[in-house]
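Student:
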Amino acid sequence: MPVATPKKVKKDSNIRVDAQRKVSGKAKFIEDVEYKNILHGATIRSPVTHGRIRGFKNRDEIKNMPGVKAVITADEIPGDNIVPFVKEDYPCLAEKEVKFYGQAVALVAAETPEEAKAAAETAELIIDEYPGIYDSIESMTPDAVYVGGDDNVHSYFKIRKGNIDEGFKGADVIVERVYNSGHQVHCYLENQGMIAEPIQNGAISVKGSMQCPFYVHNALVKVLGFKYSKVRVVQADTGGGFGGKEDMPSIVAAHAALLANKTGMPVSLIYDREEDFHTMSKRHPSRTRIKYGATTEGKLVACEAEYIVNGGAFCTLSPIVAWRGIIHITGPYEIENIKADSYAMATNTVPCGAFRGFGQPQVNFANEILIDELAEKLNMDPVELRKKNLLKPGSKTATNQVVGSSCGMAETLDKTLDKIKFKEHKGNDKGPVKKGMGISTVFYGVGLGAEGKYFAKAGAQVHIKEDGTVFVAIGNVEMGQGAETVFNRICADTLGCSYDMVEILEPDTTRVPDSGPTVASRATLVGGNAVKDAALKVRDSLFKAAAQKMGVKPFDIKIKDGKYISDEGEIDYVDVVDLAYLSRERVAAQGWYKVENVSFDEKTGLGDAYPVYSYSTNACEVEVDTETGVVKVNRLVAAHDVGKTIHPPSAEGQIQGGAAQAIGYALYENLVLEEGKIVNPSLSGYTIPTTMDLCDVEPILVESAYDEGPFGAKGLGEPPMVGPAAAILNAIHDATGIWFRKIPCLPEDIVKELNKDINKEPKELK
Amino acid sequence: MKNINVNFNLNGEDISIDCEPAKTLLDLIRDDLGLKGIKRGCEIGECGACTVIMNGEAVASCMVLAPQTEGANIITVEGLTSDDSLHPIQTAFIKKGAVQCGFCTPGMILSAKVLLDNNPAPTRKEIRIAIAGNVCRCTGYKQIVDAIEYAAELMK
Ligand code: FES
Ligand code: FES
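Protein chains in written order, with our numbering: chain A, 1 to 766; chain B, 1 to 156.
#1: Of all Cβ atoms in chain A, is any one closer than 9 Å to the Cβ of residue 71 of chain B?
#2: Could one say the Cβ of residue 100 of chain B lies closer than 9 Å to chain A's Cβ atoms, at least one of them?
#3: Do residue 137 of chain B and ligand 2 come close, with the Cβ less than 8 Å from some heavy atom?
#4: Given that residue 189 of chain A touches chain B, what residues does it touch there, using C-beta distances under 8 Å?
#5: Say yes only if the C-beta of residue 99 of chain B is nearer than 8 Å to one or more non-hydrogen atoms of ligand 2, and no if none qualify.
#6: How should residue 156 of chain B be labelled, buried or exposed, when 16 other C-beta atoms within 10 angstroms of its C-beta is the threshold for buried?
#7: By the 9 Å beta-carbon criterion, what residues does the stretch 226-249 of chain A contribute toward chain B?
#8: Decide yes or no for the touch test of the stretch 714-724 of chain A against the stretch 654-668 of chain A: beta carbon pairs closer than 8 Å, at least 3 of them.
#9: If we call anything under 9 Å between Cβ atoms a contact, is residue 340 of chain A one with residue 330 of chain A?
#10: Are the C-beta of residue 94 of chain B and some C-beta of chain C separated by less than 9 Å?
#11: Please classify residue 555 of chain A: is it buried, with 16 or more other beta-carbons within 10 angstroms of its beta-carbon, or exposed?
#12: Tell me, please, whether the stretch 54-66 of chain B touches the stretch 91-102 of chain B by the rule of three or more beta-carbon pairs shorter than 8 Å.
#13: Once DSSP output is grouped into helix, strand and coil, what is the label at residue 623 of chain A?
#14: Using a C-beta to C-beta distance shorter than 7 Å, which residues of chain A count as neighbours of residue 131 of chain B?
#15: Taking only runs that begin and end inside the stretch 81-142 of chain A, name each unbroken alpha helix (DSSP H) of 4 or more residues, in chain order.
#16: In the DSSP assignment, what are the bridge partners of residue 543 of chain A?
#17: Indicate whether at least one CB of chain B lies closer than 9 Å to the CB of residue 640 of chain A.
#18: Just the chain B side, please: which residues come within less than 9 Å of residue 22 of chain A by C-beta, in chain order?
#19: Among A/590, A/495 and A/585, whose alpha-carbon lies nearest the alpha-carbon of residue 512 of chain A?
#20: With respect to the alpha helix (DSSP H) encompassing residue 412 of chain A, which residues constitute its N-terminal and C-terminal limits?
#21: For the alpha helix (DSSP H) containing residue 93 of chain B, list its first residue and its last residue.
#22: Beta-carbon of residue 652 of chain A versus every beta-carbon of chain B: anything under 9 Å?
#23: Going along chain B in order, which residues have a C-beta closer than 7 Å to the C-beta of residue 696 of chain A?
#24: Taking only the alpha-carbon atoms, compute the straight-line gap between residue 34 of chain A and residue 84 of chain A and give it to the nearest angstrom.
#25: Can you list the residues of chain A that residue 109 of chain B reaches, using a CB-CB cut of under 7 Å?
#26: Quick check: what's the CA-CA separation for residue 416 of chain A versus residue 91 of chain B?
#27: Residue 769 of chain A: buried (16+ other C-beta within 10 angstroms of its C-beta) or exposed?
#28: Reducing DSSP to helix, strand and coil, say where residue 19 of chain B ends up.
#29: Can you give me the start and stop residues for the beta strand (DSSP E) that residue 51 of chain A sits inside?
#30: For residue 352 of chain A and residue 319 of chain A, I'd like the C-alpha separation in whole angstroms.
#31: Evaluate contact between the stretch 76-83 of chain A and the stretch 219-227 of chain A, counting only Cβ atoms and requiring at least three cross-stretch pairs below 8 Å.
#32: Specify the secondary structure class of residue 205 of chain A as computed by DSSP and reduced to three states.
#33: Which residues, in order along the stretch 14-38 of chain B, keep a beta-carbon less than 7 Å from a beta-carbon of chain A?
#34: What beta strand (DSSP E) runs, 3 residues minimum, are completely inside the stretch 14-75 of chain B?
#35: Using a threshold of 8 Å, is the CB atom of residue 104 of chain B nearer than that to any non-hydrogen atom of ligand 2?
#36: Going along chain A, which residues have a C-beta under 8 Å from residue 114 of chain B?
What follows is the structure, given as structure tokens:
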């Protein structure tokens with residue numbers, strides 16, 4: 001029974017604004033929103049990975065099944081049969097050809113979810129099966145089956161800097177290796193879901209789980225053939241996204257909207273776990289070939305790299321993923337001569353898209369193991385080797401961008417090593433369980449960068465009510481990462497009011513102009529600056545009102561502890577609002593922010609790729625059971641330079657959670673495809689870490705303020721996911737003496753390699 | 001299939017309801033009784049988002065069929081307190097930053113309650129074991145373990 005129940009949690013600056021509704025079960029995720037007379041949708045999907053659609057055998061039978069209200073195929077789409085992403089290749093419903101297992105072909109709406117599901121399961125499509133291609137390397141061969149893109153290439157980027165041949169000529173030591181990584185599944189705990197509803201004046205309103213309401217808005221305009229003003233998109237509480245709810249919700253929403261448009265009734269389309277696994281985007285599997293050249297003193301002089309990702313059947317966001325990959329592929333080092341190429345290939349597998357880190361965890365895992373392999377060859381300490389080459393203020397990145405003053409790279413490294421006691425770890429592991437330590441370093445371009453610069457903007461609206469409370473309308477969403485709280489803090493701190501006076505409204509595309517997606521750790525930087533811009537405009541009114549009262553000039557006023565202060569006196573924030581209302585000053589304003597100064601030359605691959613970078617170091621201690629191959633991460637220290645921290649508990653939460661996903665990525669999460677079809681589409685088949693698999697991550701926040709950021713902040717959503725995999729594999733090498741170059745690195749892989757070693761030369765492991 | 005009648009106590013209230021025998025407790029609570037606090041994450045007992053307390057045990061309500069609830073005593077997140085105030089576990093979750101997207105949170109809190117009802121001063125290891133069936137993809141669990149430790153203190 002509850003004891004000593006506090007009436008309300010005391011307002012304290014560490015509390016998230018969305019926490020209260022979430023702990024009490026009152027948060028409204030899309031399935032929790034109640035509608036009257038709602039229909040339920042289901043999707044009829046391709047049973048093959050590649051084929052030509054000949055027809056729909058029992059359409060009439062399905063239409064007459066109990067409860068069924070509508071069946072829709074591609075020919076009935078009122079607008080264009082395209083869900084717009086980077087390219088326009090992904091049909092809303094397959095018309096002639098299906099390209100992956102589970103691709104949507106038709107839709108049904110029925111009175112109950114069971115009836116809709118029964119109808120979808122009864123559907124029989126007539127399809128001539130084609131041979132499929134499932135592997136990205138195979139997809140590159142000249143006689144490969146054509147799947148999509150340009151000769152099966154969804155996107156290609158390159159970087160050419162300096163003179164690569166001369167560079168390697170000047171190297172005393174060269175190492176070259178190939179690294180592979182598998183799919184990773186987002187496993188947001190709430191599956192995808194949308195409810196579409198016809199509203200007044202022939203418009204359609206869609207509400208659901210999503211990261212990017214404006215993408216969804218664009219998709220509905222396209223598919224329904226509606227004007228922009230006839231669509232409204234509202235984000236519901238969203239049960240995790242991690243990139244998986246960046247582009248995919250556009251498809252779910254378009255399907256729900258088609259059904260609502262046809263039936264004239266609200267329609268709910270909620271996926272179950274298996275459907276979500278088969279059809280929604282994943283992290284791209286990759287093959288990275290990378291080669292470093294260095295002098296005997298450990299100076300990196302050249303790097304050549306080739307990054308190939310499996311983009312799946314449609315392009316979706318592959319170009320942006322492949323681009324982020326190539327920008328970061330050479331590692332957080334200053335290297336003069338660089339040649340890098342990245343390819344996103346088309347295959348008959350589920351389309352891959354955005355996932356926390358966006359193509360960067362794959363390349364970081366490769367270059368950060370290779371740097372250790374190089375250190376071994378140079379007979380040099382891997383920390384020393386890194387230190388000789390790490391980016392610092394003034395050095396140049398792979399794209400020749402000059403690193404700005406907000407660069408805490410070296411500091412994150414030092415603090416991490418210090419905390420984990422890197423030097424003192426060699427120990428007494430006599431038994432079959434061997435201990436090891438490893439590190440990895442990361443630089444991370446914040447936001448979408450030059451390749452996504454069209455989206456690099458955000459709006460917000462700040463509106464003060466009579467009693468001083470504030471509505472903030474935003475275009476970037478809360479999905480668990482703490483954005484609501486960050487916006488709340490930025491607005492309250494700008495106006496000088498208390499945190500509990502600021503209400504963040506649910507994102508609604510009719511309230512705020514297109515603010516781009518909530519991805520790439522950009523919500524704080526871009527969305528936060530927009531909130532700040534709006535709040536500053538309203539604050540001008542408050543300054544004016546207060547100045548008038550005190551008989552001073554507006555610029556003579558300062559804000560301190562909730563008071564507007566000048567030499568002539570002080571007035572409480574609430575009273576200033578009162579004055580502003582009395583003198584009819586403007587109390588609402590729109591804010592805007594756009595990212596300037598990013599550039600990328602497609603020919604050379606050079607330019608100022610991102611507005612700013614954040615930096616991090618991960619170090620871990622692992623235990624490898626050499627009999628079972630089981631690896632346990634005992635400790636993981638993660639130091640992040642994130643500019644200034646706006647809300648420390650959320651920042652820690654991002655580090656803990658991101659590292660957990662990275663540990664899963666490195667050691668457990670194994671999506672198995674057979675002939676292009678996922679064979680373990682469940683949380684027991686595809687295991688993500690539980691409490692028993694993880695240790696408490698030890699976070700360190702290094703603050704090197706970034707002038708352009710709101711209150712000096714840079715953004716922290718993605719970096720925690722990027723570095724740990726390489727640190728773990730480096731630690732496994734430290735423990736076993738074996739380089740593993742594939743993730744997930746599973747117990748069976750480890751046992752196999754260890755046995756190989758023993759068979760070769762029966763020497764005792766170190 | 002013919003409907004059956006089941007009787008159980010939900011959050012202190014006696015319920016008598018007719019439903020199909022194959023209905024899960026999850027559907028019964030969410031769809032028929034309208035309490036949306038418990039979540040649907042997988043419907044095959046793998047995620048713990050649908051956790052309720054049934055006769056003092058944390059169970060996945062998606063794995064319980066309506067007839068099995070006859071005479072049972074069931075608590076959901078809505079039943080943790082009788083008015084608008086918060087249970088100390090909820091307070092602790094807020095204070096320790098244990099909530100991100102919040103989808104796992106109601107189930108996590110109920111698993112924590114069962115633990116603390118039986119073991120008022122658990123170790124971190126015991127806490128980890130008690131919530132091993134509740135998956136959270138956002139937090140990495142550390143702040144959740146912190147919160148449950150702190151809740152134990154609050155409830156002393
Ligand atoms: S919904 Fe019951 S365990 Fe996942
Ligand atoms: S907070 Fe999102 S799943 Fe736990």
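Glycine included, C-beta positions come from ideal geometry on N, C-alpha and C.
Tutor: In this structure, then:
#1: Not an interface residue.
#2: yes
#3: yes
#4: 39, 41, 47, 49, 101, 103, 104, 135, 136, 137 and 138
#5: In this structure, ligand 2 has a non-hydrogen atom nearer than 8 Å to the beta-carbon of residue 99 of chain B.
#6: exposed
#7: Answer set for the stretch 226-249 of chain A: 237, 238, 239, 240, 241 and 242.
#8: yes
#9: yes
#10: No chain C appears in the structure shown, which is made up of the protein chains A and B.
#11: exposed
#12: no
#13: strand
#14: By Cβ distance, chain A contributes 691.
#15: 113-122 and 136-139
#16: Per DSSP, none; premise fails for residue 543 of chain A.
#17: no
#18: 93, 94, 99, 100, 101, 102, 103, 105 and 106
#19: A/590
#20: 409-420
#21: 88-95
#22: yes
#23: 142
#24: 30 Å
#25: Those are 23, listed as they occur along chain A.
#26: For residue 416 of chain A and residue 91 of chain B, the distance between alpha carbons rounds to 32 Å.
#27: No answer is possible for residue 769 of chain A: it lies beyond the span of chain A, which begins at 1 and ends at 766.
#28: DSSP, read as helix, strand or coil, puts residue 19 of chain B in strand.
#29: 51-56
#30: Roughly 11 Å between the two C-alpha positions.
#31: yes
#32: Residue 205 of chain A: strand per DSSP, three-state reduction.
#33: 36 and 37
#34: 51-54, 57-60 and 73-75
#35: yes
#36: By Cβ distance, chain A contributes nothing, its closest Cβ being about 13 Å from residue 114 of chain B, past 8 Å.
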